[in-house]
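First residue of the sequence shown: 2, per the working numbering; consecutive thereafter.
Glycine included, every Cβ here is placed at the ideal spot set by N, Cα and C.
Computed from a predicted model, the values in this text were never measured in an experiment.
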Amino acid sequence: MRNYYETWSVDYDNDVSEENYCGPRMLGDLFDSLLPASGARRPMRIMDACCGTGLVGKELMLRGFSPVDGCDLSPAMTNLARETQAYATLYGGVDLTEHNPMIADNQYDATFCCGAFIEGHLPTEAIHELMRITKNSGLILLSTRCTFYIAEHFDSLLNKLTASRQLSALPSFMNAAYLNDVQAHYLAFAVNK
2 MRNYYETWSV
12 DYDNDVSEEN
22 YCGPRMLGDL
32 FDSLLPASGA
42 RRPMRIMDAC
52 CGTGLVGKEL
62 MLRGFSPVDG
72 CDLSPAMTNL
82 ARETQAYATL
92 YGGVDLTEHN
102 PMIADNQYDA
112 TFCCGAFIEG
122 HLPTEAIHEL
132 MRITKNSGLI
142 LLSTRCTFYI
152 AEHFDSLLNK
162 LTASRQLSAL
172 PSFMNAAYLN
182 DVQAHYLAFA
192 VNK
């Protein structure tokens, strides 16, 4: 998978733009909907997990949240994300299917993961690593293609995590736009530790 993204990194932004990829905007809208409507926003530490070329970081910067931290399996992708100037710290070579000691526990007020929970990419169990790096009462916002959500029984895992009170489900956007003719769920959770 890493080699795939190393090669694709150069054309990634153009390719997803041609497919009308709107995941970062949709997660940004979801995030805004969960924040207080009035008053100044408090400073937040935010992680863009599987940040790719920095599309979520750019979206968050437009919304007044920057800089954020980012991590990705592909160092070539994080090098391109660095060029956006939306990130304080970027970690390349991060595999979210295992514990990553370079990212400490309980660091982030909000952790985003956009475009990674799809067929053949990030397995559902990676949610545990997102939970580990997110603070108690912090938010996890993620996108998952509807087909992946069903095929990988992501709902079962998320239901177990909410039933055990490790996560609390928050309002989400279901069956929403993602790519041309492809829909996604945009899910939000509070982490309980």
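Reduced DSSP secondary structure (H/G/I, E/B, other) of residue i
{"i": "glycine 58", "result": "helix"}
{"i": "phenylalanine 155", "result": "helix"}
{"i": "aspartate 182", "result": "coil"}
{"i": "proline 68", "result": "coil"}
{"i": "tyrosine 22", "result": "coil"}
{"i": "methionine 48", "result": "strand"}
{"i": "leucine 63", "result": "helix"}
First through last residue of the alpha helix (DSSP H) which encompasses residue i
{"i": "tyrosine 150", "result": "147 to 152"}
{"i": "methionine 103", "result": "Segment: none, methionine 103 is in no alpha helix (DSSP H) and carries neither H nor E."}
Rounded C-alpha distance that separates residue i from residue j
{"i": "leucine 159", "j": "threonine 125", "result": "9 Å"}
{"i": "glycine 94", "j": "isoleucine 151", "result": "28 Å"}
{"i": "alanine 87", "j": "histidine 186", "result": "25 Å"}
{"i": "threonine 98", "j": "alanine 89", "result": "23 Å"}
{"i": "alanine 164", "j": "proline 172", "result": "16 Å"}
{"i": "alanine 181", "j": "arginine 64", "result": "For the record, residue 181 in the displayed sequence is asparagine; it is not alanine. Cα-Cα distance, rounded: 25 Å."}
Same chain, Cβ closer than 6 Å to residue i, neighbours up to 5 away in sequence not counted
{"i": "alanine 178", "result": "Cys23"}
{"i": "arginine 83", "result": "Leu91"}
Terminal residues of the beta strand (DSSP E) in which residue i lies
{"i": "proline 76", "result": "Counting along the chain, proline 76 falls outside any beta strand (DSSP E), though it belongs to the alpha helix (DSSP H) covering 76 to 83."}
{"i": "leucine 91", "result": "88 to 93"}
Given residue i as reference, the closest of the options once Cα atoms are compared
{"i": "valine 183", "options": "Pro44, Ser144 and Met78", "result": "Ser144"}
{"i": "cysteine 115", "options": "Ser169, Ala170, Ala77 and Gly58", "result": "Gly58"}
{"i": "isoleucine 141", "options": "Gly53, Phe32, Pro25 and Phe66", "result": "Phe32"}
Cutoff 8 Å; reference residue i; Cβ partners in own chain excluding five residues on either side
{"i": "leucine 137", "result": "Reading off the sequence shown, one finds asparagine at residue 137, where the question assumed leucine. Excluding residues within five positions, the ones whose Cβ falls inside 8 Å are Asn107, Val192, Asn193 and Lys194."}
{"i": "methionine 27", "result": "Ser144, Phe174, Ala177, Ala178, Tyr179, Ala185 and Tyr187"}
Close-in-space but distant-in-sequence residues of the same chain around residue i (CB under 7 Å, 5 per side omitted)
{"i": "methionine 45", "result": "Phe66, Asp110 and Ala111"}
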